[in-house]
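Here's the structure, in structure tokens; my notes come after.
Following this line, the structure appears as structure tokens:
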């Protein structure tokens with residue numbers, strides 16, 4: 070049985086075909102997270118995972134298991150992003166997709182044998198963002214998950230029939246979609262594109278406002294009529310966060326990592342400065358079930 074996934078939070082740099090063509094140079098780093106006394110964290114055993122594409126774009130890390138990390142890659146000179154599988158134990162890589170379309174945001178689906186990703190399809194002059202599913206063994210071609218629903222820029226599987234989707238509309242929306250009947254229930258508007266499930270089963274997301282006082286919110290998924298409650302304000306203009314198994318929030322700002330544990334902390338506490346590893350700007354965070362931390366940064 071696949072270990073419970075703690076985080077799936079996407080770097081939504083690819084919000085248009087133009088953005089995909091001009092993706093920044095980013096790399097992915099891996100650390101082991103160690104919890105110490107009084108809630109302190111240390112980040113050990115650093116690894117640089119994207120030396121094969123250090124001058125290109127590397128993003129959207131997703132742990133399919135403790136030893137498998139899927140990422141999206143755009144090499145210098147390529148016209149599209151493709152998916153790669155990194156074997157962290159064997160220190161090897163495998164190309165998963167090689168298509169004319171852009172694929173990004175891979176995630177293992179709940180029944181384990183398939184995975185999903187967003188594919189950008191060209192229909193005339195329009196770029197259509199559609200969620201696809203593919204077999205993990207790659208023996209057959211993929212297929213769209215929804216017949217009509219498009220415009221998905223980020224998503225998170227709750228179970229085999231429900232998925233949280235982010236659409237960059239005006240305002241942006243966060244909705245739960247039933248995959249059996251395409252029924253859509255919007256649960257929040259004017260939100261960030263980073264969201265994840267908390268250890269208690271609820272959903273955490275970023276609520277934005279025009280005053281820049283953004284907040285990490287908690288939405289009860291078992292009592293969906295309840296209004297979300299505030300966990301903490303984000304760091305200034307930051308929206309990418311991760312959640313450790315004990316509920317501690319991690320957030321990056323520049324080269325620094327901050328933590329917030331609602332039992333131990335009254336605000337964000339700096340827990341590491343990663344400049345030594347030539348990390349200048351942290352864009353995305355992803356936590357594995359066995360406390361590995363993948364960081365997307367430049």
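Residue numbers (the numbering used here): 70 to 367. Glycine residues also receive a C-beta, built at the ideal position from the N, C-alpha and C atoms. From a predicted model like this one, the values you see are computed outputs, not experimental measurements.
Of the residues 157, 331, 109 and 120, the one whose Cα lies closest to the Cα of residue 131 is 157. At least 8 Å separates the beta-carbon of residue 208 from that of residue 185. With distances taken between CA atoms, residue 255 lies nearest to 235 out of 115, 235 and 216.
When the beta-carbon positions are compared, residue 218 and residue 233 stay at least 8 Å from each other. Of the other Cβ atoms in all chains shown, 16 or more fall within 10 Å of the Cβ of residue 198; this residue is therefore buried. A check of alpha carbon separations from residue 104 across 316, 121 and 324 identifies 316 as the nearest.
Between residue 226 and residue 163 a beta carbon distance of about 23 Å is seen, past the 8 Å cut, so the two are scored as non-contacting. Taking a cut-off of 8 Å on C-beta distances, the segment 141 to 149 does not touch the segment 106 to 114, as fewer than three cross pairs fall below it. Proximity to residue 360 across 323, 341, 335 and 314 peaks at 314, based on C-alpha coordinates.
Residue 265 is positioned such that its CB atom lies no closer than 8 Å to that of residue 283.
Bounds of the beta strand (DSSP E) holding residue 204 are 195 to 204.
Straight across, the Cα-Cα distance linking residue 99 with residue 117 is about 6 Å.
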